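J.: In terms of this note's numbering, the sequence shown opens at residue 10 and continues consecutively. Think of the CB as a built atom: it goes at the ideal place given N, C-alpha and C, for glycine as much as any other residue. Values in this document were obtained by computation on a predicted structure and should not be read as measured data. Okay, here's the structure, questions in a sec.
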Amino acid sequence: MENCIRIEDHAIWFKHLPSRETLERLSALEPEAEVTVEIDGITGKWQRMKRGVDGRPTDGIRPVGEMKAIWNDWFRSRKGDKVTLRVLTTVDDYLTAQMPLFSEWASPEDDEAFRDL
10 MENCIRIEDH AIWFKHLPSR ETLERLSALE PEAEVTVEID GITGKWQRMK
60 RGVDGRPTDG IRPVGEMKAI WNDWFRSRKG DKVTLRVLTT VDDYLTAQMP
110 LFSEWASPED DEAFRDL
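Okay, here's the thing in structure tokens:
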């Protein structure tokens, strides 16, 4: 089954996500954390929304950078269309997740020794 959403807003709200796996993955993000998402074959950066003024999480992601211009154009020209959505894991995401495993390598001495590599 394809993971499809409709273009309905300037953001993607978690309540509109059809896949439990996608919902869980995006819900686990900290506020303002970035994630790489492929939508209709276009890969771009999205950001988990900030917490509300009352401190509760805002359940959505918004496009950032170049993806913001693309998504806003789609919102104007393709509102209501279904598009495929895939949350991607990039090399940077993977390495960030692994950093706690290699904390012994994060020392000023190592930075100095390996800075030119």
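1) Considering E43, what are the terminal residues of the alpha helix (DSSP H) in which it resides?
2) Please state the DSSP three-state secondary structure of L97.
3) Can you grab the Cα-Cα spacing for the pair W55 / D63, in whole Å?
4) Buried or exposed: which applies to P72, given that a residue is buried once 16 or more other Cβ atoms fall within 10 Å of its Cβ?
5) G69 and G53 look like a contact to me (Cβ under 8 Å); what is the Cβ gap, rounded to whole Å?
6) Alpha carbon to alpha carbon, how far is L16 from K77?
7) Taking the C-alpha atoms as reference points, what is the distance between M10 and K24?
8) Within 10 Å of its beta-carbon, does H19 have 16 or more other beta-carbons around it, so buried, or fewer, so exposed?
9) Considering Cα atoms alone, identify which of G50, A37, D49 and N12 is closest to M58.
10) So, using beta-carbon positions, are K91 and C13 closer together than 7 Å?
11) Excluding the five sequence neighbours on either side, which residues of its own chain have a C-beta within less than 8 Å of the C-beta of R60, listed in chain order?
T.: Taking the definition as stated:
1) Taking the first residue of the sequence shown as position 1, residue 43 is located at position 34. From DSSP, E43 is part of no alpha helix (DSSP H) but of the beta strand (DSSP E) over E43 to I48.
2) Working through the sequence shown from its first residue, we reach residue 97 at position 88. Looking at L97 - three-state DSSP - the assignment turns out to be strand.
3) For the purposes of this step, residue 55 is identified with residue 46 of the sequence shown, where counting begins at 1. For the purposes of this step, residue 63 is identified with residue 54 of the sequence shown, where counting begins at 1. In a straight line, the C-alpha of W55 is about 23 Å away from that of D63.
4) As a working mapping, residue 72 is identified with position 63 in the sequence shown. By the 10 Å Cβ count, P72 comes out buried.
5) Start at 1 with the first residue of the sequence shown, and residue 69 comes out as number 60. Start at 1 with the first residue of the sequence shown, and residue 53 comes out as number 44. With a Cβ gap of about 16 Å, G69 and G53 do not count as contacting.
6) Taking the sequence shown and counting its residues from 1, one reaches residue 16 at position 7. Taking the sequence shown and counting its residues from 1, one reaches residue 77 at position 68. Checking the displayed sequence, the identity of residue 16 turns out to be Ile instead of Leu. I16 and K77: Cα-Cα distance of roughly 13 Å.
7) Reading the sequence shown from its first residue, position 1 is the one you call residue 10. Reading the sequence shown from its first residue, position 15 is the one you call residue 24. The pLDDT assigned to M10 is 40, lower than 50, so where the model puts this residue is not dependable; a value taken from the coordinates is nonetheless given after this. C-alpha separation (whole angstroms): 18 Å.
8) For the purposes of this step, residue 19 is taken as residue 10 along the sequence shown, with counting starting at 1. Classification of H19: exposed, given that the 10 Å Cβ count is below 16.
9) One-based indexing of the sequence shown puts residue 58 at position 49. That would be A37, whose Cα lies nearest to the Cα of M58.
10) Within the sequence shown, numbered from 1, the residue matching residue 91 stands at position 82. Within the sequence shown, numbered from 1, the residue matching residue 13 stands at position 4. Yes. Within cutoff.
11) Here residue 60 refers to the residue found at position 51 of the sequence shown. P40, P66 and T67, listed in sequence order.
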